[in-house]
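Enquirer: To start, I am sharing the structure in question, which I have written as structure tokens.
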Amino acid sequence: MKYLPEKNNKNLYGYPNWRYKAFFVLIFGFLSILIVGFIGLNFGTISIQPEKILSIFWHHETDNSLGLIIWELRIPRLIMAMLTGMTLAGVGGAFQGILRNPLADPYILGVSAGAALGACTGIALQYTTGLYLMNFLPVFALVGSFVSILMVYLLSRKKSHLPMTDLLLAGVAVNFFFSALITLLLAVSNREIHSMIFWLMGDLSNANWQKISLVTLPVFMGSFLLIFSSLELNAMALGEEEALHLGIQTEKLRLKIFLIGSIMIAVVVSFTGLIGFVGLVIPHIARLLVGPDHRIMLPVSALIGAAFLIICDTIARTILAPTEIPIGAITAIIGAPLFIHLLKRRNDNNEY
Amino acid sequence: MKMNQLKSISMSMIKIVLVILFFSIINTSGFSQQNLFPVTLTDDSGADVTLNEAPERIISAAPSNTEIIFALGLEDKLVGKSEFCNFPEETKNIESIGKMSPLNLEKIVSLDPDLILSYGGFQLKDIPRLRELGFKVLVVQSESLQEMIQGMQLIATACGVPQKGSDLISRLQERINHITSNIKKLSHEKQPNVFVGSNFDTIYSPGAGTLFHELITLAGGQNIVGHLQGWAKINPELVAQKEPDIIIIPSGIMNPEEISKIKQDIITHPGWSHVPAIKHNRIYAVNEDLFYRAGPRLVDGLELLYEIFTGKK
């Protein structure tokens, strides 16, 4: 990034010690995920002694029911929650950056509605045709989300440009359109409505190692690409024109972030369903904690997102055990008041 | 008249003989106690399930299957049931695995079952995961009385008690035949028009393909929404137009106050005052479990409807 010589632009960016800060913050973040993860591992419908869990973990026991619970149910779920939280919060932060809009979340550009429509179509087909499609729901969701990504892209593209307002409006329009189709599908369906609603609220209970192996690579690759765009996002934070003057090709940046982020979200959401609020609220919390420098803010946002979703999933699994609550409900119940609180605080301090 | 009677009696005799013959063939052809297992069964989701020995730890994830297990006298082997399994009374001593959907996998794994009875439907999404973890899952999904009877035989065979299954089935079949043979004597004009309304804010009524519709038809009633498919949302005008002779209210909790309130709502429903069921006060609240759950109590439901339709209740 030679057009952004860091040392010469100290005043502009004002984060001279960001490397130290990043180092400590990331170490702290990883440690807290480990701790939260281990705590989450201890909670479940079945209570298992922590020593027992450690020994199962250490000896990789999978030949008894407790071993199965730990290795095949709880750990895959934790990892899936972590990956999902990471993606939602990280992409949410990046989208807020490129759209210069604090209300942007990963779903604002239409991906989620496409995925949801795909999945609901799959569920409806399963019941109407009698075919067994449950295992292919992620494929349906993925196809749906790619259709919506393409639609948003084609609708907002002007020659080779991708103007911000058009992108946002196209995303919102596609969202509304697809949501209307989902409502229509829900209105004409009978028995499948329950499955659809559960999908729409997000569900991690079917996480397994295979799904994790499919999700991991796109998520980590996408995350690194997003983090490597941090400096450009920082410039964008100054304003579209200022960024242009600094030599940032804002249209290209927007297209890049939009595509990377949307694909990441599409992959994750196809397996987990729609989990709301994480992608909206966590980037704000990260910004409050470590400031607006994307180089730190994005990874921190991802780490907090991971920890937050692990906590939410643990609550979803245990609070009404043996009945499970959809995780989307928990994230929204915790996320909404938090978000309102943040908004209020922002208004009170009159700063962002 | 006499001819008719004779005919129906002989018909039901033939049916009974056929049923007995059928099960005696099953009994002699390889279901002797020694070689019941291993057995491979094709369940209602089309999956082949192989059981190497009689299951000792069964989880029933649906009320229908729980009632079948109890009817087969296998309740001692039941180690888990869904939260909704509330019949018979003894189910309250069995550990709950939570809601029917989504299944709580952790709870199920911890109970270490050697057979899980699912009802398909919403549970289909969790079943691949359970099978992946090495559990035997048998899907018993019945959408008609006959399918329920087949499901019963499937469960009985899976649990190593095919004889108990066929005994139970022949007892139920006898009760069903008793009613159907009586119905045949009735002329078509005498069949009452029946309306089932689940909820009187938005009215859902069971159309063709539902268990409720089948039982109404078997008990000699004419379902006024029989031309619709599945549970259908009904416009109140349809009730006014079809003028049902009998209104059935499927009710979950049999709370007399609530029922009288619902009845009052129906009686005062705008545009329905000319409906015969309301004029002659033939509005009945029935325990919905007898009509929704594909278990042995469907036959109780059938008998109840028969009594209502013939004016014995």
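Protein chains in written order, with my numbering: chain W, 288 to 639; chain F, 5 to 317.
Every residue, glycine too, gets a C-beta built ideally from N, C-alpha and C.
Owing to the predicted nature of the structure, the values given are computational and were not obtained by experimental measurement.
1) Please go through the same chain and pick out, in chain order, the residues whose beta-carbon is closer than 6 Å to the beta-carbon of Ser49 of chain F, but skip the five residues on each side of it.
2) Do Ile340 of chain W and Leu355 of chain W come within 8 Å of each other at the CB atom, strictly closer than that value?
3) Could you check whether the Cβ of Lys96 of chain F sits closer than 8 Å to any Cβ belonging to chain W?
4) In three-state DSSP terms, what is Thr272 of chain F?
5) Let me know if Glu261 of chain F comes out buried or exposed under the rule of 16 or more other beta-carbons within 10 Å of its beta-carbon.
6) Mind pulling the chain W residues with CB within less than 7 Å of Pro106 of chain F?
7) Below 8 Å, can you find three or more Cβ-Cβ pairs linking the region 266-273 of chain F to the region 281-288 of chain F?
8) With a cut-off of 8 Å on the beta carbons, I'd call Asn69 of chain F and Leu149 of chain F a contact; round off their distance for me.
9) Determine whether the Cβ of Ser209 of chain F lies closer than 8 Å to any Cβ atom of chain W.
10) Please check the pair Ile597 of chain W and Leu360 of chain W, which I expect to be a contact at CB under 8 Å, by giving their CB distance rounded to whole angstroms.
11) Going by other Cβ atoms of all chains shown within 10 Å of its Cβ, with 16 needed for buried, is Gly1 of chain F buried or exposed?
12) For a test of the three-state rule: what should DSSP assign to Asp48 of chain F, helix, strand or coil?
13) What did DSSP end up calling Lys317 of chain F once you bin it into helix, strand or coil?
14) In the DSSP assignment, the beta strand (DSSP E) including Leu82 of chain F goes from what residue to what residue?
15) For Leu40 of chain F and Val461 of chain W, what's the separation of their Cα atoms in angstroms?
16) Assuming Leu45 of chain F contacts Ala162 of chain F under a Cβ cut-off of 8 Å, what Cβ separation, rounded to an integer in Å, is found between them?
17) Identify which residue in F:Gly211, F:Gly169 and F:Leu78 has its Cα closest to the Cα of Gln233 of chain F.
18) Using a 10 Å radius around the Cβ and a threshold of 16 neighbouring Cβ atoms, would you call Gly316 of chain W buried or exposed?
19) Within a Cβ cutoff of 7 Å, which residues of the same chain sit near Ile572 of chain W, ignoring the five residues on either side of it in sequence?
20) By the criterion of Cβ-Cβ separation under 8 Å, what are the contact partners of Leu109 of chain F in chain W?
21) With distances taken Cα to Cα, identify the nearest neighbour of Ser146 of chain F among F:Lys111, F:Ile266, F:Leu302 and F:Phe88.
22) How many angstroms separate the CA atom of Leu625 of chain W from the CA atom of Pro570 of chain W?
23) Residues of chain F with a CB under 8 Å from the CB of Thr332 of chain W: which are they?
24) Report all residues from its chain with a CB closer than 8 Å to the CB of Asn56 of chain F; omit the five preceding and five following residues, and keep chain order.
25) Determine, using beta carbons only, whether Gly331 of chain W and Arg582 of chain W come nearer to each other than 8 Å.
26) Is it the case that the Cβ atoms of Ile153 of chain F and Ile131 of chain F are separated by a distance below 8 Å?
27) Count the other C-beta atoms from every protein chain shown that fall within 10 angstroms of the C-beta of Ile177 of chain F, then say buried if there are 16 or more, exposed otherwise.
28) For Gln536 of chain W, name the three-state secondary structure that DSSP assigns.
29) With H, G and I counted as helix, E and B as strand and the rest as coil, what does DSSP make of Ala298 of chain F?
30) Say whether chain F places a C-beta atom closer than 8 Å to the C-beta of Ile469 of chain W.
31) Hey, is Asn495 of chain W's beta-carbon within less than 8 Å of any beta-carbon in chain F?
Expert: So, from the listed chains and residues:
1) Gly124 and Val143
2) Pairing Leu355 of chain W with Ile340 of chain W gives a Cβ-Cβ distance that is not under 8 Å.
3) no
4) coil
5) exposed
6) Phe485, Asp490, Ser492 and Glu611
7) yes
8) With 8 Å as the limit, Asn69 of chain F and Leu149 of chain F do not qualify as a contact, their Cβ atoms being about 16 Å apart.
9) no
10) Not quite, the Cβ-Cβ distance comes to about 14 Å (not below 8 Å), so this is no contact.
11) Because chain F is modelled from 5 through 317, residue 1 of chain F falls outside the range shown and cannot be assessed.
12) It is coil, neither helix nor strand.
13) Annotated three-state conformation of Lys317 of chain F is coil, per DSSP.
14) Leu82 to Lys85
15) Within the model, the alpha-carbon separation for Leu40 of chain F versus Val461 of chain W is close to 58 Å.
16) 6 Å
17) F:Gly211
18) So Gly316 of chain W counts as buried.
19) Ile591
20) Contact of Leu109 of chain F with chain W by beta-carbon distance below 8 Å involves Leu360 and Ser492.
21) F:Leu302
22) 12 Å
23) Residues of chain F passing the Cβ test: Gly102, Asn108, Glu110, Lys111 and Ser114.
24) Phe41 and Pro42
25) no
26) no
27) Looking at the sequence provided, one finds Gln at residue 177 of chain F rather than Ile. It counts as buried.
28) coil
29) Judged by DSSP in its simplified three-state form, Ala298 of chain F adopts coil rather than helix or strand.
30) no
31) Cβ-Cβ to chain F under 8 Å: yes for Asn495 of chain W.
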